[in-house]
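The sequence shown begins at 542 in this note's numbering and counts up by one.
The next block holds one structure in the form of structure tokens; read it before the comments.
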Amino acid sequence: NRRIVLRNHVTGFPKESDMELVATGTAPSRVPEGSAGAVLLKNLYLSCDPYMRSRMSKHEETSYVPDFVVGEAITGYGVGKVVDSSHPGFKAGDYVWGMTGWEDYSLIKDPSKALFVIRHPELPLSYYTGLLGMAGFTAYVGFHEICAPKEGERVFVSAASGAVGQLVGQFAKLMGCYVVGSAGSDDKVKLLTEKFGFDDAFNYKKEKDLNVALKRCFPEGIDVYFENVGGAMLDAVLLNMRVRGRVAACGMISQYNLDLPDPVHNLMAVVAKRLRIEGFIVSDHYGRYREYEETVARYVKEGKIAYVEDVAEGLENSPAALIGLFSGRNVGKQVVVVATE
Ligand code: NDP
Numbered sequence: 542n543r544r545i546v547l548r549n550h551v552t553g554f555p556k557e558s559d560m561e562l563v564a565t566g567t568a569p570s571r572v573p574e575g576s577a578g579a580v581l582l583k584n585l586y587l588s589c590d591p592y593m594r595s596r597m598s599k600h601e602e603t604s605y606v607p608d609f610v611v612g613e614a615i616t617g618y619g620v621g622k623v624v625d626s627s628h629p630g631f632k633a634g635d636y637v638w639g640m641t642g643w644e645d646y647s648l649i650k651d652p653s654k655a656l657f658v659i660r661h662p663e664l665p666l667s668y669y670t671g672l673l674g675m676a677g678f679t680a681y682v683g684f685h686e687i688c689a690p691k692e693g694e695r696v697f698v699s700a701a702s703g704a705v706g707q708l709v710g711q712f713a714k715l716m717g718c719y720v721v722g723s724a725g726s727d728d729k730v731k732l733l734t735e736k737f738g739f740d741d742a743f744n745y746k747k748e749k750d751l752n753v754a755l756k757r758c759f760p761e762g763i764d765v766y767f768e769n770v771g772g773a774m775l776d777a778v779l780l781n782m783r784v785r786g787r788v789a790a791c792g793m794i795s796q797y798n799l800d801l802p803d804p805v806h807n808l809m810a811v812v813a814k815r816l817r818i819e820g821f822i823v824s825d826h827y828g829r830y831r832e833y834e835e836t837v838a839r840y841v842k843e844g845k846i847a848y849v850e851d852v853a854e855g856l857e858n859s860p861a862a863l864i865g866l867f868s869g870r871n872v873g874k875q876v877v878v879v880a881t882e
């Protein structure tokens, strides 16, 4: 059994050396005595997610997720197979997704709170780290509930080729919206328009002035902004929102490695344009996940959704894959394969 442990709390940009692979003895095969209600999982796929950066720091006050503990296995979303179970809701052989450890095998003590049994194992199981799991449900809830979109509205998505962004764009197109995305390379921009069906896209790293880029793509302004990056992009978007526009504050990845966050200069636009900016955390909405799983499993089978994942091979490569999110190395949803069966 191997695990990835946090070696030290992190400040600034995370490094591979902040984590290490540790061998911890032989592979377990049973839920140990005294762990009633637990399941033993063999981890198959791990999800690399930007919020994990926050958990690598030491916080004075607990945020909505606890900090990682130095010397212990990193935890995060993943897909696994139940090896043994002493919980009536899970049986050996079930495939599950949810909170697990960055290790070959994990003992999940309270599985009904941490895991969902996968109802469509006939689809690629790795999809449950993204499209059919947390990131996809984030895109769905964030777009349909927080953005309150209407057909024909003009929608802008940042970090648009990533796990969440590629799906927000497609959900918006399915609703009949006009959709533009930004991403950090020309290849990603091409993906947006050619694979995911965005109406337009731009490489934010090549634009001298983000305000000018947004005016070019949205001469009449933006109704809905799906916010993934924060910082200078948010400031430029505020200048381009239409009256009564809505901003779903999903994340602000450009701020996660900064000691001092960037200032936002154009907040007065919120008043002048009667904007609504609303943050949300996907886990508050899991009560509706099963509805999402059925809807999107059907979309996948009908070929209504395109999906791109970036797959790293092996637990030992998970630290590099996680860190890559913050330089835009990933093209699509970043997944790590630990084992295939
Ligand atoms: P992605 O798959 O989009 O990967 C992260 C991407 O962010 C990178 O590929 C890179 O793309 C972009 N990026 C990295 N650094 C910067 C920067 N400094 N400025 C601008 N862009 C940057 O990640 P996810 O789709 O998983 O997550 C997207 C956002 O959604 C994140 O902010 C995340 O925290 C948030 N989130 C929030 C949830 C919630 O419950 N509220 C749940 C899940 C995610 P590029 O090459 O285009 O720069």
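Every residue gets a Cβ at the ideal spot worked out from N, C-alpha and C, and that includes glycine.
- If only uninterrupted beta strand (DSSP E) runs of at least 3 residues are considered, those enclosed by the stretch 712-737 are 719-724.
- Rounded to whole angstroms, the separation of the alpha carbons of H685 and L715 is 11 Å.
- Secondary structure within the stretch 551-625: the alpha helix (DSSP H) runs of 4 or more consecutive residues, fully enclosed, are 593-597 (chain order).
- Judged by beta-carbon spacing, F739 lies within the 9 Å limit of V721, meaning their Cβ atoms are closer than that value.
- Of the other Cβ atoms in all chains shown, fewer than 16 fall within 10 Å of the Cβ of P573; this residue is therefore exposed.
- No Cβ-Cβ contact shorter than 9 Å links G771 with P804.
- Between the stretch 816-831 and the stretch 666-685 there are three or more C-beta pairs closer than 8 Å, enough to call the two in contact.
- The C-alpha of F737 is placed about 7 Å away from the C-alpha of Q707.
- Apart from sequence neighbours up to five positions away, the residues of its chain that approach L816 with a beta-carbon distance below 8 Å are L779, M782, R785, G786, R787, V788 and A810, ordered along the chain.
- Here P607 is exposed: its Cβ has fewer than 16 other Cβ atoms, across all protein chains shown, within 10 Å.
- Annotation for Q711 indicates a beta carbon at 8 Å or more from all heavy atoms of the ligand NDP.
- In this structure, the alpha-carbon of G553 lies about 21 Å from that of K746.
- Taking one beta carbon from each stretch, the stretch 630-638 and the stretch 598-613 have fewer than 3 pairs nearer than 8 Å; the two do not touch.
- Counting along the chain, A853 sits inside the beta strand (DSSP E) bounded by residues E850 to E854.
- At the C-beta level, Q796 and C589 stay beyond 9 Å of one another.
- Non-local C-beta neighbours of S699 in its own chain, meaning closer than 6 Å and more than five positions away in sequence, comprise S723, N769, V770 and M774, ordered along the chain.
- For F767, the secondary structure class from DSSP, reduced to helix, strand or coil, is strand.
- Distance between L562 and Y618, taken at the CA atoms: about 18 Å.
- DSSP, read as helix, strand or coil, puts G828 in helix.
- The shortest C-alpha to C-alpha distance from E601 to any of H550, P591 and G642 is the one to H550.
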